[in-house]
Every structure is written in C-alpha cells, then in structure tokens.
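Encoded as structure tokens, the structure appears first; notes follow it.
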C-alpha cells in the first residue's frame, strides 16, 4: 500500500512538472545558477564556424521565483562585457576585441526578454517555444526571436542576428581586414547567439 501511494505521488509530481510554464501548472520555478552566453561566428567562403562565450555578464532576473516561465523570464535582462570574449584562443580574442568590438559605440551588449510563447506541450518530449529578446548593440536595438528547449532542468535558447541590422559594417570590415588571410577574404555578417541556464522547480502538484 505504501509503495502504491508513493507511486501515485510521483505520477502527480511528474505530470505537473511536465506542464510547468503553463497557467495550469503549480510548480515554483527559479533560475538556478549562472546564465551562460554563447556565440558562433562564421568565416571563409565555406562558412566555417568559430564558437565562444563571454566570461563577464550581469544577469538581472525580473523575479526570484514564479509559477511559469513568463513570470521568471519576461522582463529579465543581461549586460554582456564584450572585452571578456573567450574563444579558447587568446590571440583570436585580442583581435576580436581590438578589431571588432572596439569598433562599436559601446563595449557592452545588452539584452532583455520581452515575450515568451510556448509550443503545444507533447508529453514525454522536452518543452519548446520562442523567446522574443530585445538586443542592443552598437547603439541599435532589434528584437531577436530565440527558440528555446527545456529538458530536465536545463534550458537552452538560440537565435541569429545579422550584423548589418546593427549598423556594424565598420566592425565587420575591420575584423575581416585584420584576419583576411585566415578568413580567406570572407567574414560572414550572420552570427548565432545563445544562452543556457538551469531551472529549479519545487512543490510541484496537480490542481
């Protein structure tokens, strides 16, 4: 009998955890730990990817806890110090700072989550959806859609930006010139951006 009751409790808990982020869930959610910001730029005519992160960021959550993703994410913001760029190649990082980021109006990139829409939930599958993120770089602000996937406490979101949308042609030409031979004369204007964080959930129960 005890085992049966425990099984019922686990089923109820997992059912609610599956639905978290919706109005019907009753979990208490919180962003747990760091928010890791990543990027992937492209070089050479064959579009070879170069990946990295930013080591120095400041994330400000709109609320410490909430009942769904909207309550803990919409309104949250982050400030990215571009001088902390880390591609695991110190020589490349120096060039990125000097010939790319320092060619812009500010050394910081800021971003704010302004909306979130969840896809229809499929039981047994990771939770997915799209976040609308307001990104300000080089004095220009654009709204960037970022597709997210949430699975077992891990949330990852990715999107794409075009440097020309941020009036960053000067910076793009500068880094292309500095790395002309290595890039075989081609540095692409599109960049993949992303972030990752962990979501803690507790007190999940069905309503």
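Residue numbers (my numbering): 69 to 275. Each residue gets a CB set at the ideal place from its N, CA and C atoms; glycine is no exception. Keep in mind that this is a model prediction, so the values were computed, not measured.
>> Using the three-state DSSP reduction, which class does residue 245 fall into: helix, strand or coil?
In response: helix
> By Cβ distance, which residues of its chain are closer than 6 Å to residue 125, with the 5 residues on each side in sequence left out?
Replying inline: 105, 146 and 148
> Should the segment 151-169 be called in touch with the segment 183-190, which here means at least 3 C-beta pairs below 8 Å?
Replying inline: no
> Using a Cβ-Cβ cut-off of 8 Å (strictly less than) and excluding sequence neighbours within five positions of residue 90, which residues of its own chain qualify?
Replying inline: For residue 90, the predicted structure reports a pLDDT of 45, less than 50, and the residue's modelled location is therefore unreliable. A value from the coordinates is still provided. Counting only Cβ-Cβ distances below 8 Å, and skipping sequence neighbours, we find 136, 186 and 189.
> Can you name, in chain order, every residue of its own chain whose Cβ lies under 7 Å from the Cβ of residue 225, other than the five neighbours on each side?
Replying inline: 199, 214, 215, 216, 262 and 263
>> According to DSSP, simplified to helix, strand and coil, what is residue 261?
In response: strand
>> Is it buried or exposed, residue 255, if we count other Cβ atoms within 10 angstroms and call 16 or more buried?
In response: buried
> Given that a residue counts as buried once 16 or more other Cβ atoms are within 10 Å of its Cβ, and exposed if not, what is residue 229?
Replying inline: buried
>> Buried or exposed, going by whether 16 or more other CB atoms sit within 10 Å of the CB of residue 211?
In response: exposed
> From 171, 117 and 151, pick the residue whose C-alpha is nearest to that of residue 238; which is it?
Replying inline: 171
> So residue 209 packs on residue 175, CB below 8 Å; how close in whole Å?
Replying inline: About 17 Å separates the two Cβ atoms, so there is no contact after all.
>> I believe residue 134 touches residue 265 by the beta-carbon criterion, under 8 Å. Please report the beta-carbon distance rounded to the nearest angstrom.
In response: That belief does not hold up - the Cβ atoms of residue 134 and residue 265 are roughly 14 Å apart, past 8 Å.
> With DSSP run on the structure shown, which of helix, strand or coil describes residue 159?
Replying inline: helix
>> Checking the sheet assignment: what are the DSSP bridge partners for residue 99?
In response: 267
>> Rounded to whole angstroms, what is the Cα-Cα separation between residue 220 and residue 95?
In response: 14 Å
>> Could you compute how far the alpha carbon of residue 218 sits from the alpha carbon of residue 268?
In response: 12 Å
> Under the rule that 16 or more other beta-carbon atoms within 10 Å means buried, what is residue 242, buried or exposed?
Replying inline: buried
> With residue 140 and residue 98 assumed to form a contact (beta carbons below 8 Å), what rounded beta-carbon distance in angstroms separates them?
Replying inline: 7 Å
>> Contact defined as beta carbons within less than 8 Å: I believe residue 202 pairs with residue 179. What is the distance between those atoms, to the nearest angstrom?
In response: 7 Å
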